[in-house]
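**Q**
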Amino acid sequence: ELPYYRRPADRRRERFWSDGTYKKLKRWADTVMQRITAEGALSAADFGPSKLVDWSWGPTPAYRAALEMLANSGLLFLARREGSIRWFDLAERLVPRNVLERRVSEEEQIEHTFLARHRDLGLASANGVWVQNDWPLKRKELVTRLTARGALDEIEIEGLDGVWRIPGAERFALEAAVRATTGTRTAVADPNAVALLSPLDPLIHDRKRLEALYNFHYRWEIYTPERKREYGPYTLPIHAGDRFVGRIQLRRDKGEKRGTGAALVIDGLWWERGAKPRNHLDGLTRAIRAHQRLLGLSAGRMPREIAERSDGKGLFNKLKRSDLADRRAAVAIDHPEDPAGKPKSEPAR
Numbered sequence: 002e003l004p005y006y007r008r009p010a011d012r013r014r015e016r017f018w019s020d021g022t023y024k025k026l027k028r029w030a031d032t033v034m035q036r037i038t039a040e041g042a043l044s045a046a047d048f049g050p051s052k053l054v055d056w057s058w059g060p061t062p063a064y065r066a067a068l069e070m071l072a073n074s075g076l077l078f079l080a081r082r083e084g085s086i087r088w089f090d091l092a093e094r095l096v097p098r099n100v101l102e103r104r105v106s107e108e109e110q111i112e113h114t115f116l117a118r119h120r121d122l123g124l125a126s127a128n129g130v131w132v133q134n135d136w137p138l139k140r141k142e143l144v145t146r147l148t149a150r151g152a153l154d155e156i157e158i159e160g161l162d163g164v165w166r167i168p169g170a171e172r173f174a175l176e177a178a179v180r181a182t183t184g185t186r187t188a189v190a191d192p193n194a195v196a197l198l199s200p201l202d203p204l205i206h207d208r209k210r211l212e213a214l215y216n217f218h219y220r221w222e223i224y225t226p227e228r229k230r231e232y233g234p235y236t237l238p239i240h241a242g243d244r245f246v247g248r249i250q251l252r253r254d255k256g257e258k259r260g261t262g263a264a265l266v267i268d269g270l271w272w273e274r275g276a277k278p279r280n281h282l283d284g285l286t287r288a289i290r291a292h293q294r295l296l297g298l299s300a301g302r303m304p305r306e307i308a309e310r311s312d313g314k315g316l317f318n319k320l321k322r323s324d325l326a327d328r329r330a331a332v333a334i335d336h337p338e339d340p341a342g343k344p345k346s347e348p349a350r
């Protein structure tokens with residue numbers, strides 16, 4: 002796959018060299034390349050402290066910025082990662098020579114990327130796949146090329162407007178789905194097969210498809226001013242069985258101000274119209290506990306205003322019972338006088 006994704010690194014390298022970024026970081030970049038060449042994979046911590054420079058999201062130690070610049074330019078590759086610590090090494094130590102030396106045209110790379118994004122989504126709306134502004138090939142030409150050779154299929158869906166697209170190689174999956182839903186017998190989805198989806202999950206990435214197929218409206222509100230948010234900055238959709246039943250706002254609290262230790266806090270829980278919370282609480286409990294394990298947390302809390310609702314009380318009790326299987330785990334209820342600043346929870350609906 003690497004030969005098909007050289008263009009982004011090539012473009013970034015051209016920009017870093019032309020806009021003065023490389024010149025600004027050259028002193029540290031030279032040291033980074035010399036040491037990695039001699040010593041092997043290294044992380045930013047291996048270079049010790051350095052002055053802060055303007056980089057990416059804000060002031061960053063110069064050695065870390067130099068490492069990221071060289072990696073984003075394709076001159077270094079990620080060797081391994083442990084948590085937030087990344088080690089970088091020379092590309093020739095990590096990738097076979099025949100792969101490094103292979104070159105494909107810019108147009109082939111763009112076609113490959115466009116088709117890969119369709120594969121990620123499976124079924125995409127007409128404009129559901131992102132086309133970058135700097136691509137020399139635009140959407141219409143890409144679709145024409147790929148459909149002409151059968152790499153991409155355009156279809157219509159009864160009851161839905163517009164044209165939809167699927168990768169040609171995955172048409173069999175669409176045909177299988179049609180067969181599975183034709184006739185008198187269809188599979189019944191388990192309402193307790195619950196998953197908490199990230200805002201960029203492929204299932205919800207195409208917002209038009211999400212609303213057309215699931216009647217679920219979702220917006221990632223992390224960049225929305227707080228006063229304009231409907232839910233919370235990082236609300237996760239709740240997928241249960243074969244539908245979206247609600248959304249939940251979770252937050253990791255380090256517990257330093259409270260002196261209570263780190264915990265996963267449920268700041269908000271909202272149900273879609275027509276959803277029956279009691280049918281999903283077992284699955285939601287498992288999904289929350291899985292999220293805690295992912296973050297390395299054992300404790301959890303929810304505000305009293307949620308815990309006093311019927312759905313919140315049911316969830317709280319199930320989380321408490323699940324504590325018996327893990328003696329490190331614990332869930333507690335926040336008191337109303339707890340520090341402000343958390344997103345308010347809306348009542349179940």
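In short: position in the sequence shown from 1, add 1, done, that's the numbering used here. Every residue gets a Cβ at the ideal spot worked out from N, C-alpha and C, and that includes glycine.
(1) Using only the alpha-carbon positions, how far apart do residue 127 and residue 240 sit?
(2) Does residue 71 come out as helix, strand or coil in the three-state DSSP assignment?
(3) Quick one, are the C-beta atoms of residue 30 and residue 77 less than 7 Å apart?
(4) Identify, in the order they occur along the chain, each residue of the same chain with its Cβ nearer than 6 Å to the Cβ of residue 21, setting aside the five sequence neighbours on each side.
(5) Quick one: grab the DSSP three-state call for residue 7.
(6) Anyone know if the C-beta pair for residue 245 and residue 238 falls short of 7 Å?
(7) Please state the DSSP three-state secondary structure of residue 17.
(8) Among 255, 155 and 102, which residue has its Cα nearest to the Cα of residue 116?
(9) Are the beta-carbon atoms belonging to residue 303 and residue 249 less than 7 Å from one another?
(10) Where does residue 200 sit, in a helix, a strand or coil, going by DSSP?
(11) Would you kindly report the start and end of the unbroken alpha helix (DSSP H) that includes residue 212?
(12) Locate the alpha helix (DSSP H) running through residue 48, then write down its first and last residues.
(13) Since I believe residue 208 is in contact with residue 219 (beta carbons under 8 Å), could you give me their beta-carbon distance rounded to a whole number of angstroms?
(14) When the Cα of residue 167 is compared with those of 210, 178, 197 and 120, which residue comes out closest?
(15) Just reading off the alpha helix (DSSP H) that residue 263 is part of, what are its end residues?
(16) Closest by CA to residue 178, which one among 57, 150, 158 and 132?
(17) In whole angstroms, give me the CA-to-CA distance for residue 54 and residue 124.
(18) Could you tell me which of 161, 232, 283 and 143 sits nearest to residue 153, measuring between CA atoms?
(19) Taking the alpha carbon of residue 216 as the reference point, which residue from 190, 161, 307 and 52 has its own alpha carbon closest?
(20) In its own chain, which residues sit with a C-beta less than 7 Å from the C-beta of residue 276, not counting the 5 before and 5 after it?
(21) Please go through the segment 95-142 and give each complete alpha helix (DSSP H) segment of 4 or more residues, from N-terminal end onward.
(22) Measure from the alpha carbon of residue 172 to the alpha carbon of each residue in 148, 195 and 191, then state which is nearest.
(23) Please classify residue 301 as buried or exposed, where buried requires at least 16 other C-beta atoms within 10 Å of its C-beta.
(24) Counting along the chain, where does the alpha helix (DSSP H) carrying residue 287 start and finish?
(25) Looking only at DSSP bridge pairs, what is residue 26 linked to?
(26) Give me, in chain order, the residues of the same chain whose beta-carbon lies closer than 8 Å to that of residue 82; leave out the 5 immediate sequence neighbours on both sides.
(27) Over the uninterrupted alpha helix (DSSP H) stretch that includes residue 179, give me the two end residues.
(28) What does the alpha-carbon distance come out to for the pair residue 229 and residue 47?
(29) Taking DSSP's pairing of strands, which residues face residue 167 in a bridge?
(30) Whole angstroms are fine: how far does the CA of residue 190 sit from the CA of residue 333?
(31) On the three-state DSSP scale, how would you describe residue 38?
(32) For residue 311 and residue 84, what's the separation of their Cα atoms in angstroms?
(33) Distance, Cα to Cα, residue 91 vs residue 51?
(34) With a 10 Å radius around its C-beta and 16 neighbouring C-beta atoms as the bar for buried, classify residue 296 as buried or exposed.
(35) Can the beta-carbon of residue 28 be found less than 7 Å from the beta-carbon of residue 74?
(36) Distance, Cα to Cα, residue 279 vs residue 251?
**A** With the given structure in hand:
(1) 24 Å
(2) helix
(3) no
(4) none
(5) helix
(6) yes
(7) helix
(8) 155
(9) no
(10) coil
(11) 208-215
(12) Where residue 48 is concerned, there is no enclosing alpha helix (DSSP H), given that its DSSP letter is neither H nor E.
(13) 7 Å
(14) 120
(15) Segment: none, residue 263 is in no alpha helix (DSSP H) and carries neither H nor E.
(16) 158
(17) 43 Å
(18) 143
(19) 161
(20) 246 and 247
(21) 98-102 and 107-122
(22) 148
(23) buried
(24) 282-296
(25) Looking at the DSSP assignment, residue 26 forms no beta bridge with any residue, so it has no partner.
(26) 88
(27) 172-181
(28) 43 Å
(29) 154
(30) 32 Å
(31) helix
(32) 38 Å
(33) 22 Å
(34) exposed
(35) no
(36) 20 Å
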